[in-house]
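**Student:**
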Amino acid sequence: MITELGHFALLLAFVVAIVQTIVPLIGAHKRWASWMAVAEPAASAQFFLTAFSFAALTWAFVTSDFSLRLVVLNSHSAKPLLYKISGTWGNHEGSMLLWVLIVTLFGATAAWFGNNLPPTLRARVLAVQSAIAVAFFAFIIFTSNPFVRLGVPPFDGQDLNPLLQDPGLAFHPPFLYLGYVGLSMAFSFAVAALIEGRVDAAWGRWVRPWTLAAWVFLTIGIALGSWWAYYELGWGGFWFWDPVENASFMPWLLAAALLHSAIVVEKRESLKSWTILLAILAFGFSLIGTFIVRSGLLTSVHAFANDPERGVFILMILGFFMGGALLLFAFRASAMEAKGIFGVVSRESALVTNNVLLAVSCFVVFVGTMWPLVAEMFFDRKLSVGPPFFNMAFTPF
176 MITELGHFAL LLAFVVAIVQ TIVPLIGAHK RWASWMAVAE PAASAQFFLT
226 AFSFAALTWA FVTSDFSLRL VVLNSHSAKP LLYKISGTWG NHEGSMLLWV
276 LIVTLFGATA AWFGNNLPPT LRARVLAVQS AIAVAFFAFI IFTSNPFVRL
326 GVPPFDGQDL NPLLQDPGLA FHPPFLYLGY VGLSMAFSFA VAALIEGRVD
376 AAWGRWVRPW TLAAWVFLTI GIALGSWWAY YELGWGGFWF WDPVENASFM
426 PWLLAAALLH SAIVVEKRES LKSWTILLAI LAFGFSLIGT FIVRSGLLTS
476 VHAFANDPER GVFILMILGF FMGGALLLFA FRASAMEAKG IFGVVSRESA
526 LVTNNVLLAV SCFVVFVGTM WPLVAEMFFD RKLSVGPPFF NMAFTPF
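Here this note's numbering is used: the first residue of the sequence shown is 176, the next is one more, and so on.
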């Protein structure tokens, strides 16, 4: 019964997310306060419904409900409680539910603590954040439903992958997702500012705490994942250059750049276009990372799924949000004129240099990560890109 309620809550959250995406946007455009006010209760409802759905799935794992296909494939009645709980997100479907739970958590947090924002900007931020949730609710419901029942439940489950039966699984993915998904708030602020046609010092001040939180969570997640991979698989070096490791490293580099450039927007009202672009790209690379991990397109020792159909769905989400945001960015470029100026030798110039270095580093990692795919598609060659390429490519910088 709890499982059915969890599934129903997930569907209801999807409906609420659609309403939250459409109504506040129209309200902000028409300056209708009552329509804009829908965003706050909708964001809270969306989060609580998703949290209940996730709790229901966790309960199924804890109680070893083997009528659920997902529990059968990823759990066992004799497992310790820690691994039963962490088994909830130790698979594709459960981890995507955790992903969308964090999207709704950030949206709800912005609704609860965003009283200092102008009403129109706040409504648009919450609407864009909800649009991201809509896309991932659709992805879960139509391609990765975690609540699929089995007609004849087995006596016991197939157990969790032995590599995943580790305390690292309990802490690494949640922190990583808090970082990945946290960048969606910077993206929502960027798109909302583009729709409003105004980026100023106040915007830089508002977006910085969200970016800092996401960057800190992503840093902790990467550090925990590196430590786990090191003692579990015996990898060495700072970055192991595995596609999945690179998938989290790329948005981390851009988030670090965004964090610094937002300071320049706040203090000098300069680098507006660059900061908006970084906010779009940082979340875009989070989506690219999700695509790499879940499409099976690139071989990795710890990819989540190997399903091209799901990969195509994520690629459509990536294309819609990145394409739409970059198109909006192109139309609104004229509204982001820099007001402040700074000297060639100044803290702001140093931050610009730092930004360029971080962005180029991200580009180098992206090329190295995707090159095996390009080589196979266009040159019919199977190859792997390892430390020699990255060491050589990074040296000039």
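Note that the Cβ used here is the ideal one computed from N, Cα and C, for glycine as well.
#1: Does the beta carbon of Lys442 sit closer than 7 Å to a beta carbon anywhere in chain D?
#2: Less than 7 Å between the beta carbons of Leu456 and Leu493, yes or no?
#3: Can you name the start and end residues of the alpha helix (DSSP H) that Glu268 belongs to?
#4: Whose C-beta lies closer than 8 Å to the C-beta of Leu273 among residues of the same chain, with five residues either side of it excluded?
#5: What first and last residue would you give for the alpha helix (DSSP H) that runs through Pro117?
#6: By Cβ distance, which residues of its chain are closer than 8 Å to Arg485, with the 5 residues on each side in sequence left out?
#7: Given a threshold of 16 other Cβ atoms within 10 Å of its Cβ, counted over all protein chains shown, does Glu420 qualify as buried or as exposed?
#8: Buried or exposed for Met586, going by 16 or more other Cβ atoms inside 10 Å?
#9: Determine the burial state of Trp287: buried for a count of at least 16 other Cβ atoms within 10 Å of its Cβ, exposed for fewer.
#10: Given a cut-off of 7 Å, decide if Ala568 and Val539 are closer than it, judged by their beta-carbon atoms.
#11: Checking the sheet assignment: what are the DSSP bridge partners for Arg324?
#12: List, from N- to C-terminal side, the alpha helix (DSSP H) runs of 4 residues or more that fit wholly inside the segment 481-508.
#13: Between Val309 and the rest of its own chain, which residues show a CB-CB distance below 8 Å, the 5 nearest in sequence each way excluded?
#14: Roughly how many angstroms separate the alpha carbons of Arg522 and Val439, rounded to a whole number?
#15: Under 8 Å, with one C-beta from each stretch per pair, do the segment 232-240 and the segment 277-294 reach the 3-pair mark?
#16: Can you tell me whether Gly498 is buried or exposed, with buried defined as 16 or more other CB within 10 angstroms of its CB?
#17: For His204, name the three-state secondary structure that DSSP assigns.
#18: Taking the CB atoms as reference points, tell me whether Arg556 and Leu369 lie closer together than 7 Å.
#19: Since Gln221 and Thr279 should fall inside the 8 Å C-beta cutoff, what is the C-beta to C-beta distance between them, to a whole number of angstroms?
#20: Ends of the alpha helix (DSSP H) at Ala253?
#21: Which residue wins for smallest C-alpha separation from Gly343, given the options Trp390, Phe392 and Gly396?
#22: Have a look at Leu462, Gly354, Lys447 and Val560 and flag the residue whose alpha-carbon is nearest the alpha-carbon of Trp385.
#23: With distances taken between CB atoms, is the gap from Pro199 to Ala214 smaller than 7 Å?
#24: Taking the alpha-carbon of Val303 as reference, which of Val327, Phe496 and Arg206 has the nearest alpha-carbon?
#25: Which class does Pro342 belong to by DSSP, given the choice of helix, strand or coil?
#26: When the distance is taken between beta carbons, is Ala231 closer than 7 Å to Ile177?
#27: For Glu444, which three-state DSSP category applies?
#28: Helix, strand or coil for Val549, going by three-state DSSP, please let me know.
#29: Near Ala431, what residues of its chain come up, given a Cβ to Cβ distance below 7 Å and the 5 sequence neighbours on each side ignored?
#30: Per DSSP, what kind of secondary structure is Met176 in: helix, strand or coil?
#31: CB-CB under 6 Å to Leu186, same chain, minus the five flanking residues each way: which ones, in chain order?
#32: Can you name, in chain order, every residue of its own chain whose Cβ lies under 6 Å from the Cβ of Ala388, other than the five neighbours on each side?
#33: Among the candidates Thr465, Ala505 and His182, whose CA atom is the shortest distance from the CA of Phe488?
#34: Under 7 Å between the Cβ atoms of Ser261 and Ala365?
#35: Under a Cβ-count criterion, where at least 16 other Cβ atoms within 10 Å of its own Cβ denotes burial, should Pro571 be classed as buried or exposed?
#36: Which same chain residues, not among the five before or five after Gly561, have their C-beta less than 8 Å away from its C-beta?
**Tutor:** A quick look at the data gives this:
#1: Reference to chain D is not applicable here, since this structure consists of a single protein chain.
#2: No, they are not a contact pair.
#3: Residues His267 to Phe288.
#4: Same-chain partners within the cutoff: Phe229, Thr263, Trp264, Pro348, Pro349 and Tyr352.
#5: The requested residue 117 is not part of the displayed model; the chain covers only 176 to 572.
#6: Cβ-Cβ distances below 8 Å link Arg485 to His267, Phe314, Thr318, Ser319, Arg469 and Ser470 in the same chain, with the five nearest sequence neighbours on each side left out; the list follows chain order.
#7: Around the Cβ of Glu420, a 10 Å sphere holds 16 or more other Cβ atoms; the residue is buried.
#8: Because the chain here runs from 176 to 572, residue 586 falls outside it and cannot be looked at.
#9: A residue is called buried when at least 16 other Cβ atoms come within 10 angstroms of its Cβ; Trp287 does not meet this threshold and is exposed.
#10: Closer than 7 Å, so yes.
#11: Arg324 is bridged by DSSP to Leu243.
#12: The DSSP assignment places 483-507 as complete runs of the alpha helix (DSSP H) inside the segment 481-508, in order along the chain (cut-off: 4 residues).
#13: Cβ-Cβ distances below 8 Å link Val309 to Phe189, Ala192, Ile193 and Thr196 in the same chain, with the five nearest sequence neighbours on each side left out; the list follows chain order.
#14: Those two C-alpha atoms are separated by around 9 Å.
#15: Inter-segment contact for the segment 232-240 and the segment 277-294 is absent: fewer than three beta-carbon pairs are separated by less than 8 Å.
#16: Burial is judged here by how many other beta carbons sit within 10 angstroms of a residue's own beta carbon; Gly498 has fewer than 16 and is exposed.
#17: His204 falls in the helix class under three-state DSSP.
#18: In this structure, Leu369 does not lie closer than 7 Å to Arg556 by Cβ.
#19: Between Thr279 and Gln221 the Cβ distance is about 5 Å, and since that is below 8 Å, they are a contact.
#20: Taken as a continuous stretch (DSSP letters only), Ala253 belongs to no alpha helix (DSSP H), as it is neither H nor E.
#21: For Gly343, the closest C-alpha among the options Trp390, Phe392 and Gly396 is that of Gly396.
#22: With distances taken between Cα atoms, Trp385 lies closest to Gly354.
#23: Taking 7 Å as the cut-off, the beta carbon of Pro199 is found closer than this to the beta carbon of Ala214.
#24: Nearest C-alpha to Val303: Phe496.
#25: Three-state result, Pro342: helix.
#26: Yes.
#27: Residue state, collapsed to three classes: coil.
#28: Helix, per DSSP.
#29: So the list reads Trp390 and Leu533, once near-sequence residues are dropped.
#30: Three-state result, Met176: coil.
#31: Cβ contact annotation for Leu186 (same chain, cutoff 6 Å, sequence separation greater than five): none.
#32: So the qualifying residues of the chain are Gly357.
#33: Out of Thr465, Ala505 and His182, Thr465 has the C-alpha closest to the C-alpha of Phe488.
#34: It is not a contact, given that the beta carbons lie outside the stated cut-off.
#35: Taking all protein chains in view, the Cβ of Pro571 is surrounded by fewer than 16 other Cβ atoms within 10 Å, so the residue is classified as exposed.
#36: The residues are Trp416.
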